[in-house]
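In order, the protein sequences belong to chains A and B. Mapping of the first sequence onto this note's numbering: residues 1 to 419, in sequence order. Mapping of the second sequence onto this note's numbering: residues 1001 to 1419, in sequence order. See structure below.
Protein chains: 2
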Amino acid sequence: MPLLVMKFGGTSVADLDRIRNAAQKVKREVERGYDVIVIVSAMSGKTNELVGWVEQTSPLFDAREYDAVVSSGENVTAGLMALTLQEMEVPARSWQGWQVPINTTAQHSAARFESIPRANLDQKFAEGFKVAVVAGFQGLAPDGRITTLGRGGSDTTAVAFAAAFEAERCDIYTDVDGVYTTDPRITSKARKLERIAFEEMLELASLGAKVLQTRSVELAMRYNVRLRVLSSFEDTDETSGTLVCDEEEIMESKVVSGVAFSRDEAKITLVTVEDRPGISAAIFAPLAEGGVNVDMIVQNISEKDYEDHPGSVTDMTFSCPINQVERAKKAMEDARRAGTIQYEELIVDTDVAKVSVVGIGMRSHAGVAARMFRALADENINIKVISTSEIKISVLIDRKYMELAVQALHDAFELEKTA
Amino acid sequence: MPLLVMKFGGTSVADLDRIRNAAQKVKREVERGYDVIVIVSAMSGKTNELVGWVEQTSPLFDAREYDAVVSSGENVTAGLMALTLQEMEVPARSWQGWQVPINTTAQHSAARFESIPRANLDQKFAEGFKVAVVAGFQGLAPDGRITTLGRGGSDTTAVAFAAAFEAERCDIYTDVDGVYTTDPRITSKARKLERIAFEEMLELASLGAKVLQTRSVELAMRYNVRLRVLSSFEDTDETSGTLVCDEEEIMESKVVSGVAFSRDEAKITLVTVEDRPGISAAIFAPLAEGGVNVDMIVQNISEKDYEDHPGSVTDMTFSCPINQVERAKKAMEDARRAGTIQYEELIVDTDVAKVSVVGIGMRSHAGVAARMFRALADENINIKVISTSEIKISVLIDRKYMELAVQALHDAFELEKTA
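See the structure below:
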């Protein structure tokens, strides 16, 4: 029997009506001949309520007990979804993490999958059950305590089940109808992609596209699980949404698939830093310890050699989320006081945004960067920092030009047209 | 290490402040040198919310899924209680039913205990944990599904743990401060009992006293678990509340310990029923099948022998809760149509109440019934039905005299005085 994994997020199961709506979609796949594993999140708001209680009770909470409390929202949805399916005469059974079992590491609140043995669910399918409803986001530690996977863990649960059960596809039902070339609120020319490669989706997810959690895309890529993102709130069929898949499944790919952006960036420059081996480690180790997520890094090539700085010196610039600027400043000032780094000045620019173009086609096409910089130059947008990967080019620009830059790049790479 | 079981009901853990208050009481017992097993209910209202969702989803719900959903409220409280104790520097760990494990039968929503192996909790106590917080009301079926014990099951969980772990005592914290000779709202002379025998408590519970669930008292009696009922909302010490215990622990017992009453009773009389072997079964079997909880039964001794009824005939009277009268009428009319019973008339009296006196002292004292009937006669209260057990006498009277009857009996047996 072919098998599908279908995942419904918190807004898709927010109340009994929405659970019924989701169950209808499951029933349709059963009627098409699939066995289905349904992964459910907690009803929206429930997990936040539980987290709030834990944090109020114990600010430095024991992660074991946090996991025991916070995982309970998914259990409720799993049972209600199984009941709803039964009412529609679809034989269904709910499964909590320990019942499957979903074996994970003991890293509470951030556990990773170890194994998902198939025996228990396979037996139920063999008995005639058509649907297994599994509580997402949770697992079982080696010592028998409940674990959770961290926020967004239900997407990852879905992909892990699709891999373990060799599912034909893993359908992620959410509140948007697919992955777009860029945010439709920025340009009406934004187009829904029919397909996107794992690597591209990974870049978009890490650039802030909230459609899929980064870890779930990584896992899908590793096990080659075909992921489909589609809307819970529309009538959907087998061609709906966006398929995230291996690039071999994408026949004709454009050079650039999408334009991503991140509004809340900050740029920090350390002026006149000693240029010596180990200086990068001396700067970035305290930032990491201080909880600063450094994104782009640029070291100026221009050397300075002033009278009062007889050695070789340089400027070091990096970017981070705007709400981490204070932490970054503190980490740098502490390191300067401790004598592990020296700098003349620390300049913070909190009026920047990041804009990126992403596409696997870049690998085989030269000139993407040139075309990108030309498009920005034509709009008189100054580029402050550049960083590139194999399939991505990101630039930091003044925030006030962000929308304009996205629109200009969307036009320049003709993303409104299909390949 | 001596061990205590402490159980907190829904109102005692209704919010984070109350959980903290309950945790203080646990901490005090730990400081006195006890290991403690804490049994918690769901925060009040939570279980009703979950039951509502299940019933809305599926009116004829699958009890397995009902149990999976409804048990989650206790899991939340158990985790929050463990966190609260940790904040107070009491080493504590939460336990869900499957983790202990609490092995039960597979009767979902009404499961019964099979066994509670001690190994897992004993190991944690040996590691230095002082408190095990166990989610009440739930267990694990032989096939690995979650069960629940039915309403009030947390009391029963507490007693079962006290029996399995040979606890010194099982303290049931609730919203009243003990067991009274009668409801203080009926007479201000009502007095809190220091001790009451299991058998008496059992009669009072089955007569509608809501302090303890009948099943928990049965279990306590069978395993001789000393139960103490006391208030969550007052400062309590080792002499607080009421101890429910073996009658041997009660030195000087009064003849009557308490007066119970039940307001919502109805009396049904079948007039001119054929008096033959098997007639009782023919009447009460369809009532039981129809879900009618028959309480008192009286068969008139007076025989009738009319012309049109050549055989021996009688009248049959029984009582049941007032909200089951329609069911009872339907069961009787169906049986008459089916020809399994005959009667001339069915008379319903919905203006009755039941008043009972309970006391183990009755066994060794004659004249309790006479004293009871005399007290009622002195107030001109007519007795409609009488039923007795070894330690209880119940009468059905007009509802308007109920309060008066309770007051008169409380006075007649001098319950305001200690033994």
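Heads up, the beta-carbon is just placed ideally off N, CA and C, and yes, glycines get one too. Since the model is a prediction, treat every value here as computed from it, not as a measurement.
Any idea if A/Arg-64 is buried or exposed, counting beta-carbon neighbours within 10 angstroms, 16 or more meaning buried?
buried
I want to verify the contact list: residues of chain A whose CB lies under 7 Å from the CB of B/Gly-1144, in sequence order.
Gln-99
With 16 other CB atoms within 10 Å as the buried threshold, where does B/Lys-1400 fall?
exposed
Could you pull the start and end residues of the beta strand (DSSP E) that A/Ala-119 belongs to?
From DSSP, A/Ala-119 is part of no beta strand (DSSP E) but of the alpha helix (DSSP H) over 119-126.
Grab me the residues of A/Tyr-343's own chain with a C-beta within less than 7 Å of its C-beta, minus the 5 sequence neighbours each way, in chain order.
Leu-270, Val-271, Thr-272, Val-273, Arg-336
Less than 9 Å between CB atoms is the rule here; does B/Asn-1075 satisfy it with respect to chain A?
yes
How would you label A/Arg-426, buried or exposed, when you count the other beta carbons within 10 angstroms and need 16 or more for buried?
Past the boundaries of the shown model lies residue 426 of chain A; chain A is included only from 1 to 419, so the question cannot be answered.
Per DSSP, what kind of secondary structure is B/Ser-1280 in: helix, strand or coil?
helix
Please tell me whether A/Tyr-401 has its Cβ less than 9 Å away from any Cβ of chain B.
Taking Cβ atoms only, chain B never reaches closer than 9 Å to A/Tyr-401, which makes this a no.
Do A/Lys-241 and A/Leu-415 have their CB atoms nearer than 9 Å?
In the sequence as displayed, the identity of residue 241 of chain A is Gly instead of Lys. Contact flag unset, no.
Rounded to whole angstroms, what is the Cα-Cα separation between A/Val-69 and A/Gly-153?
Whole-angstrom Cα-Cα distance: 16 Å.
Any contact between the region 1097-1116 of chain B and the region 111-125 of chain A? By contact I mean 3 or more CB pairs, one from each, below 8 Å.
no
Using only the alpha-carbon positions, how far apart do B/Lys-1267 and B/Val-1385 sit?
Here the C-alpha atom of B/Lys-1267 lies approximately 9 Å from the C-alpha atom of B/Val-1385.
Can you find the residues in the same chain that come closer than 7 Å, C-beta to C-beta, to B/Gly-1073, ignoring five residues on each side of it along the sequence?
Around B/Gly-1073: Ala-1042, Met-1043, Lys-1046, Thr-1047, Leu-1050.
What's the C-alpha gap between A/Ala-23 and A/Leu-85?
6 Å
Hey, out of A/Ser-232, A/Leu-230, A/Ala-338, whose CA is closest to A/Ala-282's CA?
A/Ala-338
Threshold first: 3 residues or longer. Then list the beta strand (DSSP E) segments lying entirely within the region 342-385 of chain A, N to C.
Counting only runs of 3 or more, we get 345-358.
Spatial neighbours of A/Ala-369 within its chain, please: CB distance less than 6 Å, with the 5 preceding and 5 following residues excluded, ordered by chain position.
Taken in chain order, the residues that qualify are Ile-393.
Tell me which residues share the same chain as A/Asp-295 and place their Cβ nearer than 7 Å to its Cβ, disregarding the 5 neighbours each side in the sequence.
Ser-319, Cys-320
Helix, strand or coil, according to DSSP, for B/Leu-1409 in the structure here?
helix
Cβ of B/Phe-1137 less than 9 Å from any chain A Cβ?
no
In the DSSP output, what is B/Val-1038 paired with across the bridge?
B/Met-1006, B/Val-1133
Please classify A/Glu-199: is it buried, with 16 or more other beta-carbons within 10 angstroms of its beta-carbon, or exposed?
Looking at its Cβ environment, which holds 16 or more other Cβ atoms inside 10 Å, A/Glu-199 is buried.
Distance cutoff 9 Å, beta carbons only. Does A/Thr-181 sit that close to anything in chain B?
no
Taking Cβ-Cβ distances shorter than 9 Å, what residues in chain A pair up with B/Thr-1104?
Residues of chain A passing the Cβ test: none, with the nearest at roughly 16 Å.
What does the Cβ neighbour count give for B/Leu-1230, buried or exposed, with the cut at 16 atoms within 10 Å?
buried
CA-CA distance, B/Gln-1096 and B/Asp-1062?
22 Å
Per DSSP, what are the beta-bridge partners of A/Gly-258 in this structure?
A/Val-358
Note down, one range per segment and in chain order, each alpha helix (DSSP H) of at least 4 residues found wholly within the region 188-256 of chain A.
Whole alpha helix (DSSP H) segments, 4+ residues: 198-206, 214-223.
Quick one: Cα of B/Ile-1019 to Cα of A/Lys-354, how far?
47 Å
By the three-class DSSP mapping on this structure, what secondary structure does B/Glu-1029 have?
helix
For the region 1063-1074 of chain B, which residues have a beta carbon sitting closer than 9 Å to at least one beta carbon of chain A?
Arg-1064, Glu-1065, Tyr-1066, Asp-1067, Ala-1068, Val-1069, Val-1070, Ser-1071, Ser-1072, Gly-1073
Pop quiz: A/Glu-249 and A/Arg-169 are said to be a contact at Cβ under 8 Å. What is the actual Cβ separation, rounded to whole angstroms?
12 Å between Cβ atoms; not a contact.
Of all the CB atoms in chain A, is at least one closer than 9 Å to the CB of B/Val-1054?
yes
Rounded to the nearest angstrom, how far is the Cβ of B/Leu-1219 from that of B/Ala-1160, given a contact under 8 Å?
6 Å
Does the Cβ-Cβ distance between A/Thr-147 and A/Ser-109 come in under 9 Å?
In contact: A/Thr-147 and A/Ser-109 (Cβ atoms closer than 9 Å).
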